[in-house]
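Just below is one structure, and these are the notes that go with it.
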Amino acid sequence: MKSKTSRLDRFISQNSMFSLSDTRLLVAQKRIFLDGKVAYSTQQIVSEFTHVVLDGTCLKDNTPVYIMLNKPAGVVCATKDVKHTTVLDLIDHPQKSELHIVGRLDFNTTGLVLLTNDGAWSRKISLPETKLDKIYDVTLSKPLTNEYSEVFSRGIYFAYENITTQPARLEIVSEYKARLTLTEGKYHQVKRMFGFFQNEVLALHRISVGHITLDGLKAGHSRLLSIPEIRYEY
Ligand code: URA
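Position one of the sequence shown corresponds to residue 157 (this note's numbering), numbered consecutively onward.
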């Protein structure tokens, strides 16, 4: 997602009847307000979520939105799909058409999906360097052994991308169940990691991304993130 910023004079020329050069006069006459404060320069930056008012008329009022959803199985992580229910179909928010998905889950994977219209925030969360923990509960078709934890902590070579996965932590919960912590999100990563042992993943559920956890949110339900969840320093 590209960051949507522009200089004030350019923004005014693109969003009103005034030209780039008219903006100097508008600023001098204190006719423009940015986030409730009088604009003082034509060079001020108008960002994606700056509230811009000219002569009492709002030119831009784009509120950032951050939502978590507990995705049920059989729902597509896409904004549109002709055949299946999408994660957006499960969300009731007036700005839902602006939202994008931060880290997709497969069709039958359940659990935490984040959605936002804030490209800078989702970029930060998704950057490989941020190394945010993503925790999954996994149910396997064959019994687990301690060898899995050792191999996952060393990393597994993915020939298609020519990469070795980052060290991952596996806690074996029972014979067929484990909790896996990844710091990255390659395509079908969990299934491919267990595929190394020819062990099929029967159920996969994401419980958290960084410090954001589902924490009792029911399947198919969504809620707005709290300020501490959004503002956490990654
Ligand atoms: N890894 C997978 O294989 N599938 C997902 O949906 C998420 C991680």
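We put the CB at the ideal spot given by N, CA and C, even for glycine.
- Item | Endpoints, the beta strand (DSSP E) within which L255 is located | Unbroken run through L255: none, as it is neither H nor E.
- Message: Under 8 Å: do the segment 191-208 and the segment 230-238 share three or more Cβ pairs, one atom per stretch?
- Response: no
- Item | Beta-carbon gap between T161 and I201 smaller than 8 Å | yes
- Using three-state DSSP, classify W184 as helix, strand or coil. Here residue 184 is Ala; the residue named in the question, Trp, does not match the sequence. The answer is helix: DSSP assigns A184 an H, G or I state.
- Query: Quick one: what's got a C-beta closer than 6 Å to E254's C-beta in the same chain, skipping five residues either side?
  - Reply: N273
- When you compare each of K227, V194 and N264 to T295 by their alpha carbons, which one comes out closest? N264
- Query: What are the start and end residues of each continuous alpha helix (DSSP H) run of 4 or more residues lying completely inside the segment 240-317, in chain order?
  - Reply: Listed in chain order, they are 275-282 and 302-310.
- Does I319 get closer than 8 Å to chain B when you measure Cβ to Cβ? The structure shown contains no chain B; it is built from a single protein chain.
- Go through the residues and name those whose CB comes closer than 5 Å to any heavy atom of ligand 1, in chain order. Listed by chain position, these are L261, D262, T265, H344, Q345, V346 and K347.
- Item | Range of the contiguous beta strand (DSSP E) that encloses S330 | R325 to S330
- For the candidate residues K287, Q345, K216 and L373, whose alpha-carbon lies nearest to that of A315? Q345
- Item | Separation of I363 from K239, as counted between CA atoms | 27 Å
- Task: Determine, using beta carbons only, whether S297 and L358 come nearer to each other than 8 Å.
- Result: yes
- Query: So the beta strand (DSSP E) V365 belongs to, where does it begin and stop?
  - Reply: V357 to V365
- Item | Selection from F350, Q354 and H367 that minimises the alpha carbon distance to L360 | For the residues F350, Q354 and H367, the minimum Cα distance to L360 belongs to F350.
- Burial state of Y222, where buried means 16 or more other Cβ atoms lie within 10 Å: buried
- Whole angstroms is fine: what's the gap from H377's alpha carbon to D289's? When rounded, the distance between both Cα atoms is 23 Å.
- Task: May I ask you to report which of helix, strand or coil DSSP gives V231?
- Result: coil
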